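*Asks:*
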Amino acid sequence: CKKCLDKVIDTYPSKVKKNRQKHMLIKQSDETQEIQANTRTIPGIITNRGCAFAGCKGVVIGPLRDMVHIVHGPVGCSYYAWGTRRNKAKTKGDEKNFINYCFTTDMQESDIVFGGEKKLKEAIREAVELFNPAAITISATCPVGLIGDDIKSVAAEAEKEYGIQVLAFDCEGYKGVSQSAGHHIANNILMRDVIGKVEKSEKEIPKYSVNILGEYNIGGDGWEISRILNKIGYEIVSIMTGDGTYEELKNTHNANLNVVQCHRSINYISEMLETKYGTPWLKVNFIGVNETIKTLRNMAEYFGDQELIDRTEEVIAEELSEIEETFEMFKKMCEGKTAFLYVGGSRAHHYQGLLKEIGIDTVMAGYEFGHRDDYEGRDVIPYIKLDADTRNIPDLHVEKDEKQYRLYLSPERLQKLKEKMPLGQYAGLIKEMKDGTMVIDDLNHHETEALLKAVKPDVFCSGIKDKFISQKMGIFSKQLHSYDYSGPYAGFKGAVIFAKDISAGINTPTWSYITPPWKKEPIIEGKINEEVN
Ligand code: CFM
Ligand code: HCA
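In terms of this note's numbering, the sequence shown has 102 at position 69, counting the first letter as 1, and numbering is strictly consecutive.
1) Closer than 8 Å by C-beta to Lys582: which residues in its own chain qualify, once you throw out the five before and the five after it? Chain order, please.
2) Say the cut is 7 Å; is the CB of Ile258 nearer than that to a heavy atom of the ligand CFM?
3) So what's Gly399 in DSSP terms, helix, strand or just coil?
4) In terms of DSSP beta bridges, what is Glu248 paired with?
5) Which residue comes first and which comes last in the beta strand (DSSP E) that contains Asn291?
6) According to DSSP, simplified to helix, strand and coil, what is Ile269?
7) Please indicate yes or no: does the CB of Gln294 lie closer than 7 Å to some heavy atom of the ligand HCA?
8) Any idea which residues DSSP pairs Lys316 with across the strands?
9) Classify Ser47 as buried or exposed, calling it buried when 16 or more other Cβ atoms lie within 10 Å of its own Cβ.
10) Thinking just about the alpha-carbon of each residue, which of His404, Lys464, Glu304 is nearest to the one in Lys433?
11) Would you say Ser515 touches the ligand HCA, meaning its beta carbon is less than 7 Å from a heavy atom?
12) Could you tell me whether any non-hydrogen atom of the ligand CFM is closer than 7 Å to the CB of Gly469?
13) Check whether the Cβ of Gly378 sits closer than 7 Å to any heavy atom of the ligand HCA, and report yes or no.
14) Can you tell me the Cβ-Cβ gap for Phe202 and Ile349, rounded? I've got them flagged as a contact below 8 Å.
15) Contact check, Gly321 vs Lys364 under 8 Å by CB: the rounded distance?
16) So does Gly88 have its beta carbon nearer than 7 Å to some heavy atom of the ligand CFM?
17) To test your reading of the DSSP string, which unbroken beta strand (DSSP E) runs of 3 or more residues are found completely within the region 83-158?
18) How many Å lie between Cys84 and Ser111 at the Cα?
19) Sort Ser519, Tyr522, Ile508 by Cα distance to Ser545 and report the nearest one.
20) In angstroms with no decimal places, state the Cα-to-Cα distance between Ser495 and Ser234.
21) Take the Cβ of Asn331 as the centre, count every other Cβ of all protein chains shown within 10 Å, and call the residue buried at 16 or more, exposed below.
22) With hydrogens ignored, establish whether the beta-carbon of Ile497 is closer than 7 Å to any heavy atom of the ligand HCA.
23) Using a Cβ-Cβ cut-off of 7 Å (strictly less than) and excluding sequence neighbours within five positions of Lys500, which residues of its own chain qualify?
24) Taking the beta carbon of Asn165 as the centre, do at least 16 other beta carbons fall within 10 Å, making it buried, or is it exposed?
25) Runs of 3 residues minimum, wholly inside the region 344-403: which ones carry the beta strand (DSSP E) assignment?
Shown next, in the form of structure tokens:
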């Protein structure tokens with residue numbers, strides 16, 4: 034509520050208050066609302082954001098399982114990026130899978146002083162000799178950019194020497210204002226150097242061929258989505274990048290539709306694929322029963338064949354009949370509760386429908402690093418002012434590939450469909466929120482604590498950095514990044530697992546044994562001194 038928000042920011046020095054105000058709003062559908070996003074966090078504020086390295090290596094390229102991903106930097110960055118996102122991967126046949134490993138140059142002080150290129154060359158040699166991977170990536174961490182190691186030349190030399198692709202990512206942590214910069218860097222290199230490498234004739238491309246973009250197989254979500262799509266009759270060419278492979282990635286342009294789950298992390302590639310190869314992209318959401326059904330129906334309508342449409346309905350009916358009873362039971366246990374959602378750049382939107390289905394209202398939602406289009410919809414893109422941090426990560430310019438450009442649908446049919454479904458479009462988080470609910474960008478720890486105290490939602494859906502703040506206050510917290518080691522949450526069966534986990538978390542008697550700090554301590558109210566200019 035407005036009063037809560039005012040109270041939260043009232044304790045700030047005036048400059049900070051002015052800044053933070055622009056990152057918050059109370060939804061009002063009779064107004065066009067604007068939010069400030071993708072700008073620098075004020076130094077000193079405890080943010081949940083990560084860095085460009087996390088977005089590039091940790092999020093986008095890390096899940097590709099048949100490549101060796103070398104982290105060039107101190108061991109801490111490597112350790113941090115080691116399997117922590119729970120992006121699952123399985124070996125199929127004799128394919129390679131290095132997902133359980135952590136490869137690092139383990140830079141020491143002497144490497145920082147004298148340069149780390151020699152160590153990097155050595156690491157590539159070792160990786161090739163020991164693992165013989167399909168390709169190698171090198172991700173730069175902060176010190177690499179600061180000392181000026183030339184990872185691109187090392188990669189180019191290694192490519193010649195070993196005859197495999199070695200991709201260099203200049204994703205030093207300090208680039209941009211968050212993980213988001215790393216997504217962009219990763220998208221550019223994958224598009225420029227990997228996608229498009231396999232030429233196929235039209236006849237070789239299966240009719241119902243799709244790519245799943247922005248799905249990282251956290252807790253097995255990608256597997257559950259693939260199971261449903263395969264059951265209907267779709268062929269998945271490439272999944273980007275959860276349990277994905279270098280070999281599949283090269284083929285990404287050989288599909289008839291791209292479906293985009295996480296818009297934030299992959300919209301650069303989805304746009305470039307359309308420009309270069311003519312493949313349209315459809316914004317989908319496999320989180321929640323209704324959203325999954327809507328997605329499946331949109332996909333079937335895109336292809337337009339009655340047989341596929343009928344098969345889609347058959348699968349929906351079958352899947353629904355398997356979950357309905359259990360789902361209903363959990364709903365009864367959650368009905369009437371409220372939630373806060375604070376996650377990276379898409380889940381704070383994607384989970385609102387699923388929560389609603391089990392009777393939970395979202396009263397506050399926000400992204401760590403979403404851009405204005407993730408909040409307000411892609412229509413605002415032309416009006417977004419780019420600051421220096423964003424301009425630092427250049428857009429990759431692509432043009433129509435005369436040889437491989439194909440239109441599956443006529444431009445007229447595509448235009449018609451665009452009026453019915455989010456093809457090349459995303460309406461953003463704010464649109465679906467109820468009037469009076471709060472939207473907050475880059476929510477920090479002070480604001481988290483103050484708002485939890487003021488609003489006391491029944492569940493706080495967030496990540497590891499703030500989970501325990503909430504639980505020590507007696508408010509159940511569900512991690513929407515790692516799923517608290519549960520999942521999958523996608524699709525029909527995933528919705529039931531989610532409902533079960535939320536219902537257990539809300540209804541456990543644990544919370545009544547916790548006395549929140551505000552019940553036993555006097556609260557010191559105060560104001561931080563204004564800065565002296
Ligand atoms: Fe996309 Fe993601 Fe997310 Fe993201 Fe992330 Fe993630 Fe996330 Mo953690 S790609 S934006 S950078 S859906 S790692 S799998 S959970 S913050 S909301
Ligand atoms: C990242 C990864 C992360 C962190 C999750 C969390 C993930 O931001 O680099 O803070 O709980 O999903 O693993 O978003």
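Note that CB positions come from ideal geometry on N, CA and C, so glycine has one too.
Bear in mind that the values here come from a model prediction, so they are computed numbers and not experimental data.
*Replies:* Put simply:
1) There is no way to answer for residue 582, as the model of the chain reaches only from 34 to 566.
2) no
3) strand
4) Thr274
5) 290-293
6) strand
7) no
8) Val293
9) exposed
10) Glu304
11) yes
12) no
13) no
14) Their Cβ separation, rounded to whole angstroms, is 40 Å, which puts Phe202 and Ile349 out of contact at 8 Å.
15) Not quite, the Cβ-Cβ distance comes to about 13 Å (not below 8 Å), so this is no contact.
16) yes
17) 100-105
18) 13 Å
19) Ile508
20) 45 Å
21) buried
22) yes
23) Ser510, Gln512
24) exposed
25) 371-376, 394-400
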